[in-house]
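Engineer: Counting from 1, position 204 in the sequence shown corresponds to residue 204 in the numbering used here; the numbering is continuous, with no gaps. Positions of the beta carbon are idealized from the N, C-alpha and C atoms, including for glycine. The structure is given below, and queries will be raised subsequently.
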Amino acid sequence: MSVDKVDEVRTVVADGGIGISIVVPVYNEKESLPELMSGIAEVLNTHVPNYEVVLVDDGSNDGSFDVIRSLYSQYKGRVKAIRFSRNCGKSAALNAGIAQAGGEVIVTMDADLQDDPVAIPEMMAKLNEGWDVVSGWKKVRHDPLGKTFPSKVWNAMTSAAAGLKLHDFNCGFKAYRRTAAKNLDIYGERHRYLPAMAHWDGCRVTEIVVPHHARKFGKSKYGTWRMFNGAMDMITLLFLKHYMKSPMHFFGIMGMLMIGIGVGILGYFGVQWAIYGEMRIRPLTILAIGSMVMGVQFMSIGLIGEMITNSQQSRRQYSIREKLE
Ligand code: UDP
Ligand code: MG
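Quick look at the structure:
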């Protein structure tokens, strides 16, 4: 990276305070941690000296936290550590780490040495261009085919659903402006959709190609099948995006439609009965009654949804990009 690029990077970070926080979720990665820390230190000591590393141990049972403890004393003042009492998932770990992060820029990266910290200064330069989120793109990926192929399909689907074209939504390596990261509500398995969530929240999201390495120690915590959970999460997210504020707009219309079909068919039979005096139970009658029952159910679900949404009014309804005080 050129010298003026480095200067540019420096202006992104706040004077004095912690400029950049690196948040790392850790689940059974004890062999990788020392190399991870030295790699980060090597890059950031020269490029962005005011940094901290927030290590979140997601309930490891391989002694990762003992390693974290020794890194905590080795890198005095640089390391913050959180230890979960059980394995709560990557989303929970990111959530806790971002909440602890004090930096103006928050970078998330995996602990397994697959993400290379050399890309951090470039990500920060990109933030400096005015982007709020810079997502990594593992263009040349060192993972098994059983992982890379479904991931391609899934990324294309997510791009279409999110209205944001990215090659690699689920890349763990990302840089955020502080407010963009803090505004994210990460839970469940939502870490796969963070760029989509940020985009929907009004953030300017872009991507850069980042180097990717094969896993050196341990094994992947995510198999191919875990992606199907991800597909379900996408449906939930899309629903919440459109109808969180007013669930009745979805369920109400479905309910009215079903009730309408039922009333239409029964009305037609009613008229026939009034005119010709004949009354027969036809399959269509059963369909009409079924349709009305379903319609009433849809309406009820919608109303319950409204009650839940209303009782959560304290939840954030807007997102602030900047404040002048
Ligand atoms: N991870 C975690 N909690 C979990 C699973 C994974 O904190 O329940 C961490 C893991 O230690 C790593 C990152 O999330 O730092 C990504 O996991 P992994 O490398 O297994 O995923 P892959 O790169 O194979 O998609
Ligand atoms: Mg990995």
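Start and end of the alpha helix (DSSP H) containing Lys139?
Structural biologist: First-last for Lys139: undefined, no H or E at that position.
Engineer: With a threshold of 8 Å, establish whether the CB of Tyr222 neighbours any heavy atom of the ligand UDP.
Structural biologist: Because some heavy atom of the ligand UDP lies under 8 Å away, the Cβ of Tyr222 counts as near it: yes.
Engineer: Closest to Leu287 by CA distance: which of Ile275, Leu184, Phe269 is it?
Structural biologist: The option with the nearest alpha carbon to Leu287 is Phe269.
Engineer: Please name the residue in Asn310, Val210, Lys219 whose C-alpha comes closest to that of Pro121.
Structural biologist: Nearest option by C-alpha distance: Val210.
Engineer: Gly264: which of Ile281, Trp273, Leu237, Met292 sits nearest, CA to CA?
Structural biologist: Comparing Cα-Cα distances from Gly264 to each of Ile281, Trp273, Leu237, Met292, the minimum goes to Met292.
Engineer: Might you give, ordered along the chain, the residues of its own chain that have their beta carbon closer than 6 Å to the beta carbon of Ala96, omitting 5 neighbours on each side?
Structural biologist: Here the set comprises Val56, Ile82.
Engineer: Using only CA atoms, which one of His213, Ala214, Lys219, Ala162 lies nearest to Tyr193?
Structural biologist: The residue with the shortest Cα to Cα distance from Tyr193 is Ala162.
Engineer: Is Ala93 near the ligand UDP, with its Cβ less than 8 Å from a heavy atom?
Structural biologist: True, at least one ligand heavy atom lies under 8 Å from that Cβ.
Engineer: Do Ile40 and Val54 have their beta-carbon atoms positioned less than 9 Å apart in this structure?
Structural biologist: Going by C-beta atoms, Val54 is not nearer than 9 Å to Ile40.
Engineer: Please tell me whether Trp131 and Val205 are closer than 9 Å, where the distance is taken between their beta carbons.
Structural biologist: Cβ atoms of Trp131 and Val205: closer than 9 Å.
Engineer: Since I believe Leu33 is in contact with Ser64 (beta carbons under 8 Å), could you give me their beta-carbon distance rounded to a whole number of angstroms?
Structural biologist: About 7 Å; that satisfies the 8 Å criterion.
Engineer: Would Ala111 and Val26 qualify as a contact pair, given that the criterion is a beta-carbon distance under 9 Å?
Structural biologist: Their beta carbons are under 9 Å apart, which means Ala111 touches Val26 by this criterion.
Engineer: DSSP state of His212, grouped into three classes?
Structural biologist: Note: His212 maps to strand in three-state DSSP.
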